[in-house]
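Only one structure is covered here, and it is reproduced in the block below.
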Amino acid sequence: MRGREFLLSTVLTGALSAPVLSQTAETLGDPEAGLALFRRDCAFCHQIGPEARNAVGPQLNRIFDRGAGAIEGFRYSRGMQRMGIDGLAWTYETLDAYLANPRALVSGTRMSYRGMPDAQDRHDLIAFLRRHSDQPQDIPESAPTALAAQPDLPPAPLGVEGDADYGEYLSSECVTCHQQSGADQGIPSIVGWHPEDFVVAMRAYKQGLRPHPVMQMMAGRLDDDQIAALAAYFATLTPTD
Amino acid sequence: MTFNRRRFLASAAATTAALSAPMVGAQARPRVIVIGGGAGGATAARYIAKDSDGAIDVTLIEPTRQYYTCFFSNLYLGGFWDYEALGHSYGTLASEYGINVLHDWAVGVDRDTRTVSTAGGHTLPYDRLIVAPGIDFVAGSVPGWDVSHQDAMPHAYKAGSQTQLLKHQVETMRQGGTYAMVAPPNPYRCPPGPYERVSMIAHVLSRINPTAKILILDPKANFSKQTLFEDGWLRHYPGMIERIGPDFGGANVEVRPDSMEVVVDGSAETVDVCNVIPAQKAGRIAELAGVTDGNWAPVTPGDMRSRVDPNIFVLGDASAQGAMPKSGFSANSQAKVAANAVRGDLTGSRVFPARYSNTCWSLIAPDDGVKVGASYQPGADQIESVSSFISDVGESADLRRRTYEESIGWYEGITADIFG
Ligand SMILES: Cc1cc2nc3c(=O)[nH]c(=O)nc-3n(C[C@H](O)[C@H](O)[C@H](O)COP(=O)(O)OP(=O)(O)OC[C@H]3O[C@@H](n4cnc5c(N)ncnc54)[C@H](O)[C@@H]3O)c2cc1C
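What follows is the structure, encoded as structure tokens:
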């Protein structure tokens, strides 16, 4: 099992393009291994379990199907608040994407954690988190876990060389909303991003991991070459505001 | 002369042939004239000038020095936006992009000699002409009303002084008075526009004139975002708004500007403010240029080229293109596709496949924004919708507020994209 998973995860963002739909986190991951990973990578900032409180990060009980940024009284980043308002909920797939590369799913997140590249590690960790979501002995009032089926896309390698000329033409569709100057007056800036972050963010809309309907529609009809072209073009711009 | 003749034949025969026949040996730069400096025309002028780096000579003919956007003019009526913030000048298009901005009216187009004549007495030659004059009203569509009555019964459907007048009339209406709107039949610019306007006026009245009534006389059985608006009206302005659809006479309306009466199915009622939004058609110059068929100018879906004359493109509200609503967003989107095709014709630059999209936001009450949008592609005969979305009834207050904030971001984005 590990071997197979490892192949998928050698590309950092393979997680985004290849959510495993037929299996649950539990059958896939090892919660005991997940506990160790939690202690190693998360416990510094997050608490989980019956006594858990908010710390540097919010407490993580019942994280499954909690809306993003939903803990009252915790000071979330603007990016996380925005995602919560847009309707991002924590499911197997969205957690997997967030833990793989937090900034790619939630731009400007305050969680300064660079990401967990290994897919099997993430599966184990998510299996552990799930224990604190749907197992009555841990959290009596919790709701059962639902593993939402996400549209699956064939895994595609990152780093397609973008055609910046084509990107410039395609970008004309974007700059009606996203200002070329990089000004953010209600719609976020997309200029000067690292192309890889850009590609990952666009794929997350395309797959429905990021919830915004306008962007799901815009990204939904862009293929990998077009996304790469846009990433290449917007990376050449520098904010002027 | 020989050159012009040759080009005319090339483009009349097959417009794509122009791709492989750019300006070889040309003496002068190819010339593009754009009629109308609104959402469509100004965008097209800017993209052609910007992307051709001076290889194309672009002239923009527009009578007004300051363009007031219709989009967000409802927010101005509601007190959420300043009048000044609706206004945009052509300074940057001239100074940054080298566009010749001519403040004049186009009064004629000679398609044989390929010239445009203006009220100021100019005759200007073009290689490609872009016609983007927006709308005019269909005479007689609301019996009793013509443009000479626009002071007594404003339309406020071309922004500027009309919008200011309507705002003044609403704000000074007698206590308990009635604001009536004669809504237009399809197709017209900005499908949710009249209903967003009703929302904004209801917002104002609910504060300064809470016993006032709003009466919508509507020839259409259904309208854009109807469920969202009706839900919002019930929540924010209960009992204030009445809509009379075609079943109850909404399609059989006459107005009497002298006595401030509206006559619905034969029975007259006196109102205090009457906002008449007549049926619409392409701006008159499109008709004069001979590119209209009925009320609108048909275009090919792949590049917005006139079906009548391949040297002419028609953008925005004036065009008949298929599924896209008549909106500033659509006009801006179409302009970029046309600009790409015009450059391809004249300089042989790469022509990419058309992509169109539209999103229309509407504000129902403070921080209660909704949106509808779709993406489009050229079909065999028409532009067709690919996918779409619409806000839901019952969304959280936070999401509605964010949707409103997004619309402000869009306004700033699109006006920067149009005027530079
Ligand atoms: C109340 C209201 C609210 C709206 N809200 C929205 C919205 O939220 N979002 C949205 O996307 N759209 C909205 N719209 C629609 C939008 O304003 C129009 O669809 C858009 O302006 C169309 O662009 P256009 O270039 O076709 O025409 P216009 O923007 O009207 O531009 C036409 C220009 O041509 C000029 N012109 C006309 N005849 C001549 C001539 N003979 N010679 C030279 N120049 C000429 C005119 O002066 C004008 O400046 C709204 C409209 C209204 C009325």
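Those sequence lines, one after another, are chains Z and W. Add 90 to the 1-based position in the first sequence for my numbering, that's all there is to it. No gaps in the numbering here: position 291 of the second sequence is 274 in my numbering, and each next residue is one more. Glycine residues also receive a C-beta, built at the ideal position from the N, C-alpha and C atoms. Computed from a predicted model, the values in this text were never measured in an experiment.
Can you give me the Cβ contacts of residue i inside the same chain, cut-off strictly under 6 Å, excluding the 5 residues immediately before and after it?
| i | result |
| --- | --- |
| residue 236 of chain W | 165, 200, 247 |
| residue 252 of chain Z | 318, 319, 321, 322 |
| residue 212 of chain W | 178 |
| residue 301 of chain Z | 176, 177, 178 |
| residue 185 of chain Z | 216 |
| residue 338 of chain W | none |
| residue 249 of chain Z | Low confidence applies here, because residue 249 of chain Z scores a pLDDT of 48, under 50, leaving its location unreliable and the question unanswered by this model. |
| residue 415 of chain W | Residue 415 of chain W cannot be examined here, being either before or after the span of chain W that is shown, -16 to 403. |
| residue 161 of chain Z | 148 |
| residue 197 of chain Z | 169 |
| residue 57 of chain W | 179, 180, 183 |
| residue 146 of chain W | 56, 139 |
If we call anything under 8 Å between Cβ atoms a contact, is residue i one with residue j?
| i | j | result |
| --- | --- | --- |
| residue 91 of chain W | residue 298 of chain W | no |
| residue 396 of chain W | residue 269 of chain Z | yes |
| residue 343 of chain W | residue 356 of chain W | yes |
| residue 260 of chain W | residue 138 of chain W | yes |
| residue 115 of chain W | residue 53 of chain W | no |
| residue 234 of chain W | residue 202 of chain W | yes |
| residue 30 of chain W | residue 380 of chain W | no |
| residue 194 of chain Z | residue 294 of chain Z | yes |
| residue 16 of chain W | residue 47 of chain W | no |
| residue 166 of chain Z | residue 335 of chain W | no |
| residue 218 of chain Z | residue 327 of chain Z | no |
| residue 169 of chain Z | residue 370 of chain W | no |
| residue 286 of chain W | residue 262 of chain W | no |
| residue 154 of chain Z | residue 220 of chain Z | yes |
| residue 103 of chain W | residue 87 of chain W | yes |
| residue 266 of chain W | residue 127 of chain W | no |
| residue 71 of chain W | residue 398 of chain W | yes |
| residue 329 of chain Z | residue 290 of chain Z | no |
| residue 257 of chain W | residue 274 of chain W | no |
| residue 254 of chain Z | residue 284 of chain Z | no |
| residue 400 of chain W | residue 266 of chain Z | yes |
| residue 174 of chain Z | residue 190 of chain Z | no |
| residue 206 of chain Z | residue 131 of chain Z | yes |
| residue 175 of chain W | residue 144 of chain W | no |
| residue 223 of chain W | residue 189 of chain W | yes |
| residue 66 of chain W | residue 20 of chain W | no |
Kindly list the residues whose CB is nearer than 8 Å to the CB of residue i, restricted to its own chain and excluding five residues on each side of it in sequence; keep chain order.
| i | result |
| --- | --- |
| residue 130 of chain W | 120 |
| residue 40 of chain W | 11, 12, 13, 14, 15, 83 |
| residue 364 of chain W | 284, 305 |
| residue 123 of chain W | 129 |
| residue 32 of chain W | 39, 41, 76, 80, 81, 82 |
| residue 187 of chain W | 60, 61, 62, 153, 154 |
| residue 302 of chain W | 265, 279, 280, 281, 282, 287, 317 |
| residue 121 of chain Z | 214, 217, 218, 220, 221 |
Give me the Cβ distance between residue i and residue j, rounded to the nearest whole Å; I'm assuming they're in contact under 8 Å.
| i | j | result |
| --- | --- | --- |
| residue 22 of chain W | residue 311 of chain W | 4 Å |
| residue 197 of chain W | residue 181 of chain W | 6 Å |
| residue 173 of chain W | residue 264 of chain W | Their Cβ separation, rounded to whole angstroms, is 15 Å, which puts residue 173 of chain W and residue 264 of chain W out of contact at 8 Å. |
| residue 162 of chain W | residue 255 of chain W | 7 Å |
| residue 280 of chain W | residue 300 of chain W | The pair is not a contact, with the Cβ atoms about 10 Å apart (cut-off 8 Å). |
| residue 51 of chain W | residue 403 of chain W | Actually they do not touch by this definition, with Cβ atoms about 17 Å apart. |
| residue 156 of chain W | residue 185 of chain W | 13 Å between Cβ atoms; not a contact. |
| residue 323 of chain W | residue 259 of chain Z | 6 Å |
| residue 149 of chain W | residue 294 of chain W | Incorrect: roughly 39 Å between the Cβ atoms, too far for contact. |
| residue 390 of chain W | residue 331 of chain W | Contact flag wrong, Cβ pair sits at about 39 Å. |
| residue 89 of chain W | residue 268 of chain W | 5 Å |
| residue 208 of chain Z | residue 119 of chain Z | With 8 Å as the limit, residue 208 of chain Z and residue 119 of chain Z do not qualify as a contact, their Cβ atoms being about 12 Å apart. |
| residue 156 of chain Z | residue 180 of chain Z | 5 Å |
Who are the near neighbours of residue i in its chain, counting only those whose CB is closer than 7 Å to its CB and skipping five residues on each side?
| i | result |
| --- | --- |
| residue 147 of chain Z | 135, 136, 201 |
| residue 145 of chain Z | 135, 136, 137 |
| residue 304 of chain Z | none |
| residue 100 of chain W | 90, 91, 106 |
| residue 125 of chain W | 165, 236, 238, 259, 261 |
| residue 113 of chain Z | Low per-residue confidence applies at residue 113 of chain Z: pLDDT is 46, beneath 50, and the placement is therefore not dependable, though the value from the model is reported in the following sentence. Counting only Cβ-Cβ distances below 7 Å, and skipping sequence neighbours, we find nothing. |
contact_flag[the region 346 to 354 of chain W, the region 207 to 227 of chain W] where n(CB pairs < 8 Å) is 3 or more: As far as the Cβ criterion goes, the region 346 to 354 of chain W touches the region 207 to 227 of chain W, which means the pair count is three or higher.
Segment contact, 8 Å Cβ cut-off, at least three pairs: the region 274 to 284 of chain Z with the region 368 to 383 of chain W: Too few Cβ pairs lie closer than 8 Å, so no.
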